[in-house]
Amino acid sequence: MVEQTKVGGRIGEVFWIFLALGLTSFGGPVAHLGYFRTAFVERRQWLTEQAYADLVALCQFLPGPASSQVGFALGLLRAGPWGAAMAWLAFTLPSAIILVLFALGAAVLEGPIASGIIYGLKVVAVAIVAHAVWGMARNLCPDKTRAGIALAAVFAVILVSGPLGQVAAIVLGGVAGLVLCRDNATAPTSETLHFPVSRRAGVISLGLFALLLGLLPLLAGSAVWLTVMDAFYRAGALVFGGGHVVLPLLEAEVVQSGWVTSDEFLTGYGAAQAVPGPLFTFAAYLGALLPGLPSIVGAVLALVAIFIPGFLLLVGVLPFWNQCRQWGSAQALMRGANAAVVGILGAALYQPVWTNAIISPQAFAMALTGFLLLTLWKLPAWMVVVIVALGGVFIQP
């Protein structure tokens, strides 16, 4: 009874700590990792600095939303599976609710001020994505080899449109990295991670991840909810390199299929920059707009589907990570895949982000202002969103 009370208390502790973070963690995945470090390494000492660095490395190594995966793992470490679930729920819920309400209200907003703000949100998406491409290129393509892989990925996405081109670019990037990027391998650290996940549970999680990835496309045409789950699950399973990379994957699934208009997509993406918590909650906004499902049902289904693959992979790899991270081949493969991701996001910066938002010199000037505010003045993303969205009132066509 004492042990159950202790575990129950830890679950509640995890929920309230992550709810506070979900309400205040502005700035995107990198900023989230900084908030987590302050909260759990410095303040509460749930794990050491080196263990936290290893955990971050693991989550950046895997597809999926890195900051949410780190939060999930911290909840798992502190209070077991229920702690992991509460960490995700509390960190995700605030921004998901805000974006669903925005999706339901955006359609009824009328008048020049409202339409100007919505246009400003599309323009600010240009600045946000350009900033993401710039930062990721500097970190993930620091040499000619990886820059070449990124450039090849741009051509792959242009020549083969839709999700197939993006998947092909990531796979070919990984293969190229395996061949060309072995010289960049770094020596692993000596400290190990210990989570309450057995090897059997890890194998089951990896098997379930692969089963859903292969089975959902076969079932997609039989029901609307299965089609939606397939689209968002596949997007979540192929996101390497951070939350912004989900933009081209989701655009291929929901805009090119005709579920959501390009204007609605970019408006929601701009709004997602102004709220705290994980960028993946953009899926809740899109789910609320999908035809054929009630708004709340679509939002919940899309939100759960896009997060599930990253968590299954994390649970699957945790029992084996200490051994796998010693392999230079794994590091080389991920270097190539991450470089390809930069190319995919660079292609998305042009289409659909730029072509749908920059339709006048004034819009270009406003997008450039947002980019400089992010890169030179180092303003937080939510503040830049507010500034450019208000500027949209004055530059709308």
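The numbering of the sequence shown is our numbering, which starts it at 14 and goes up by one. Just so you know, even glycine gets a beta-carbon here, dropped at the ideal spot from N, CA and C. Keep in mind that this is a model prediction, so the values were computed, not measured.
Query	Result
Whole runs of the alpha helix (DSSP H) within the segment 261–307, excluding any shorter than 4 residues	275–285 and 295–302
Cα-Cα separation, residue 398 to residue 326	33 Å
Residues of its chain near residue 293, where Cβ-Cβ distance is below 7 Å and the 5 sequence neighbours each way are ignored	78, 81, 256, 259, 319 and 320
Residue 219 versus residue 328: straight-line alpha-carbon distance, rounded	8 Å
DSSP state of residue 212 mapped onto helix, strand, coil	helix
Outcome for residue 114 when other beta-carbon atoms lying within 10 angstroms are tallied against a minimum of 16	exposed
Residue 334 beta carbon less than 8 Å from that of residue 39	no
Within 8 Å, strictly: CB atoms of residue 387 and residue 144	yes
Opening and closing residue of the alpha helix (DSSP H) in which residue 162 lies	157–172
The alpha helix (DSSP H) enclosing residue 151, as first and last residue numbers	125–153
DSSP-derived helix/strand/coil call for residue 244	helix
C-alpha distance - residue 18 paired with residue 146, whole-angstrom precision	The predicted model places residue 18 with a pLDDT of 48, which falls under 50 and marks its position as unreliable; any figure quoted below should be read in that light. Distance between the alpha carbons of residue 18 and residue 146 is about 47 Å.
Extent of the continuous alpha helix (DSSP H) to which residue 382 belongs	374–388
Integer-rounded CB distance, given that residue 283 should sit under 8 Å from residue 135	6 Å
Closer than 8 Å to chain D by CB, residue 317	Chain labels in this structure do not include chain D; a single protein chain is all it has.
Simplified DSSP state of residue 257, which is helix, strand or coil	helix
Expected contact under 8 Å - CB spacing of residue 401 and residue 140 to nearest Å	7 Å
Cβ contact check for the segment 218–238 and the segment 368–383: 3 or more pairs under 8 Å	no
Residue environment, residue 152, which counts as buried when at least 16 other CB atoms sit within 10 Å	exposed
Integer-rounded CB distance, given that residue 263 should sit under 8 Å from residue 248	5 Å
Inter-residue Cα distance where the pair is residue 291 and residue 35	8 Å
Buried versus exposed call for residue 62 [16 or more other C-beta atoms within 10 Å across all chains shown]	exposed
Three or more C-beta pairs below 8 Å linking the segment 89–104 and the segment 341–350	no
Closest Cα partner of residue 365 within the set 41, 31, 216 and 268	268
Exposure of residue 55, with buried meaning 16 or more beta-carbon neighbours within 10 Å	exposed
Cβ separation of residue 409 and residue 132, assumed to be a contact under 8 Å, to the nearest whole Å	4 Å
C-alpha gap between residue 190 and residue 118, whole angstroms	45 Å
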